[in-house]
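In our numbering, the protein residues as written are 18 to 112. Positions of the beta carbon are idealized from the N, C-alpha and C atoms, including for glycine. Input: a single structure, listed below in structure tokens.
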């Protein structure tokens, strides 16, 4: 038996075993992982022919990273004291 994974949107979508390569439509991307170690799991990323555990391979959109890096300068931070009535605003734009 061989082990295959289906790749969907750059991730391992489905892992299964079969004696031979199934006859799926060409749009279904299958990769033989019989000899791959460690064995990829569902959810792992598939990048450049290599499998990356999802926890280590999470990639953020560059526009999102840029927005997150701008947040401290653009948004006042709420400094919450132990007593919620004593909460204060800090930052450049704080009133």
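Cβ neighbour criterion (16 or more within 10 Å) applied to residue 25: exposed
Between which two residues does the beta strand (DSSP E) holding residue 22 run? 19 to 25
Compute the minimum distance between the beta carbon of residue 43 and the heavy atoms of the ligand FMN, and state whether it is under 7 Å. The ligand FMN is not part of this structure, which contains no ligands at all.
What first and last residue would you give for the beta strand (DSSP E) that runs through residue 31? 28 to 35
Relative to the C-alpha of residue 71, which candidate in 30, 18, 19, 34 has its C-alpha closest? 30
Measure the Cβ-Cβ separation of residue 55 and residue 22 and say whether it is below 8 Å. no
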